[in-house]
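I have placed the structure first, in the form of structure tokens, so that the comments after it can refer back to it.
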Amino acid sequence: MQPMFLKPVFKERIWGGTALQEEFGYEIPNDKTGECWAISAHPNGPSIIENGPYAGMSLDAIWREQPELFGNPKEEVFPLLTKILDANMDLSVQVHPEDTYAKVHENGELGKTECWYILDCIEGAEMIFGHNAKTKEELVEKMKEGKWTELLRRVEIKPGDFYYVPSGTIHALCEGTLVLETQQSSDTTYRVYDYDRRDAEGNLRELHLEKAIDVTTVPHQNAGVAPKVEERENVTITTFVESEFFTVYKWEVEGKTAFEYNNHYLLLSVIKGDGTLVHNSEKYPLTKGTHFIIPVGLGEFELNGELELIVSHA
Ligand code: ZN
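Take the sequence shown: its position 48, counting from 1, is numbered 47 in numbering that gives the first Met the number 0, and each next residue is one higher.
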């Protein structure tokens, strides 16, 4: 058994930029590259395995055909999706449904609870997180009257911050933000407000107000997170969130440190530094922008170097 390294998939977005190339050295398709789908089994952009016996296979195929690598899971589809987002411009204000609503209204898609680790941002960067309406009526009224400044809450962000964004939370990344996102494997977004922007042809992007009103949590619930920090030999482990959908950690490795996980498969993304992963005396180079999966039953592995990783499991 081997760790599985993944080839990222890139998505053009009108709000995208070039940070994925500048920061991570990825070969991006153009200068409006907004998303790197780093660990994905979603049909809109599945990752391909780069090494070992499953090289060339997509993650969704392995999920179906080799369930033992994932501990013979109950879920029908791979539940998580890891992305890096380059918000070079403001994203539209949006909200996502939870599982039951998505299943009924979006062809069996999963709902979308997500979370963000702020990799980098400009000085004074903000994001939209929540709203000020006390009742659904007030929400509808403010939306229909276009009173967005009154309605939307803005928070200031800085690198290293972590936000948990449950389904039903109105949110938007703003200009100058680079984020690692861990989310349920879903591509369903209801657009609430797009700043009345027009594309090159003069068209507004479609809004989904009815569905957005259906799924928005009123009043806004602040899902505050309280990170737990644990120091071990040569590694600091920060647990950001343990929810019904995912658990997300940051591992800060300095030197050599051994891990063993027998109950979960792990999704790992190197966000800083260089080093190696050693397993069964096999050495795998790790560098910023490397994404990989540790299957269930891999046994002990060792990380060596100066590394920061975001790690998650379902
Ligand atoms: Zn979102």
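Cβ atoms here follow ideal geometry from the backbone N, Cα and C, with glycine treated the same way.
Could you tell me if T148 is buried or exposed, where buried requires 16 or more neighbouring beta carbons within 10 angstroms of its beta carbon?
Its Cβ having fewer than 16 others within 10 Å, T148 is exposed.
With which residues is I38 paired in a DSSP beta bridge?
T81
Is the region 76–83 close to the region 133–149, with three or more CB pairs under 8 Å?
no
Presumed contact (8 Å Cβ cut-off) between L179 and L118, rounded CB distance
6 Å
Should the region 94–110 be regarded as contacting the region 227–241, the criterion being three or more beta carbon pairs within less than 8 Å?
no
Bounding residues of the beta strand (DSSP E) (the contiguous stretch that carries L5)
In this chain, the beta strand (DSSP E) harbouring L5 covers M3 to K6.
Would you say the beta carbon of V164 is closer than 8 Å to some non-hydrogen atom of the ligand ZN?
yes
DSSP beta-bridge partners for K10?
E34
Answer yes or no: the CB of T188 versus the heavy atoms of the ligand ZN, is any distance below 8 Å?
yes
Nearest CA to the CA of K31: which residue from D160, T187 and G16?
G16
Would you report the Cα separation of T188 and S280, rounded to the nearest angstrom?
44 Å
N- and C-terminal bounds of the alpha helix (DSSP H) containing T17:
Where T17 is concerned, there is no enclosing alpha helix (DSSP H), given that its DSSP letter is neither H nor E.
Sequence-distant residues of its chain with Cβ nearer than 6 Å to Y192 (five each side left out):
V92 and W147
How about V252 and T238: do their beta carbons lie closer than 9 Å?
For V252 and T238, no; Cβs fall outside 9 Å.
Cβ neighbour criterion (16 or more within 10 Å) applied to Y248
Looking at its Cβ environment, which holds 16 or more other Cβ atoms inside 10 Å, Y248 is buried.
So the beta strand (DSSP E) I212 belongs to, where does it begin and stop?
First-last for I212: L208 to V214, but that is the alpha helix (DSSP H), not the beta strand (DSSP E).
K111 beta carbon near the ligand ZN (any heavy atom closer than 8 Å)
yes
Would you check whether the ligand ZN has a heavy atom nearer than 8 Å to the C-beta of H41?
no
H312 CB to nearest heavy atom of the ligand ZN below 8 Å
Flag unset: Cβ of H312 not near the ligand ZN.
Straight-line gap, L265 to G70 (C-alpha atoms, nearest Å):
11 Å
Exposed or buried, which one is I121 when buried takes at least 16 other CB atoms within 10 Å?
exposed
Relative to the alpha-carbon of V217, which residue among E155, N131 and E307 has its alpha-carbon at the smallest distance?
N131
Option in A199, Y116 and G304 with minimal Cα separation from A257:
G304
Tell me the start and end of each unbroken beta strand (DSSP E) in the region 180–208 that is at least 3 residues and wholly inside, in chain order.
189–192
Reduced DSSP category for D273 - H, G, I as helix; E, B as strand; rest coil:
If DSSP states are grouped into helix, strand and coil, D273 belongs with the strands.
Cβ-heavy atom distance, Q93 to the ligand ZN, below 8 Å:
yes
For H104, the first and last residue of its enclosing alpha helix (DSSP H):
D98 to H104
Could you tell me whether the Cβ atoms of L306 and W250 are closer together than 9 Å?
yes
Report yes if the C-beta distance between H263 and V240 is below 9 Å; otherwise report no.
no
Between V94 and I309, what straight-line distance do the alpha-carbon atoms span, to the nearest angstrom?
24 Å
Quick one: grab the DSSP three-state call for F69.
helix
Kindly identify the DSSP beta-bridge partner or partners of S46.
Note: S46 sits in no beta bridge, so no partner.
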